[in-house]
Amino acid sequence: EDFPHEPWTMGFTGRPGGPDWYINKADNTKPHGPGGQYQHDLEEQADSCFAKIVDGKDTLQRVFRSETYPRDSDYAFFLTE
Numbered sequence: 054e055d056f057p058h059e060p061w062t063m064g065f066t067g068r069p070g071g072p073d074w075y076i077n078k079a080d081n082t083k084p085h086g087p088g089g090q091y092q093h094d095l096e097e098q099a100d101s102c103f104a105k106i107v108d109g110k111d112t113l114q115r116v117f118r119s120e121t122y123p124r125d126s127d128y129a130f131f132l133t134e
């Protein structure tokens, strides 16, 4: 509640193979907040939201629009260039 997964915030995940982090491009409070992790043993767990992007959003938007390798590739979701 104190740190919702709103757009342009960063979340920390580690289940099952982390640690890893991500940038919320949309409001992900429901799926990544408390109670949103139903697939894990402790449903009440949530991904930590630890930062907010304050500068460089235009650069990130260009990265988000970049072409990536397809899902069935060994490099799934990696940028092609």
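Counting in the working numbering, the sequence shown tops out at residue 134, every number present. Note that CB positions come from ideal geometry on N, CA and C, so glycine has one too.
- Collapsing the DSSP output to three states places aspartate 73 in a strand.
- Between leucine 113 and isoleucine 76, the C-beta spacing is below 8 angstroms.
- Annotation: the continuous beta strand (DSSP E) that includes threonine 66 extends over 62-66.
- Spatial neighbours of asparagine 81 in its own chain (CB-CB distance under 6 angstroms, excluding positions within 5 residues in sequence) are listed in chain order as His58.
- Annotation for serine 119: Leu132, Thr133, Glu134 place their beta carbon closer than 8 angstroms to its own, counting only its chain and skipping 5 residues before and after.
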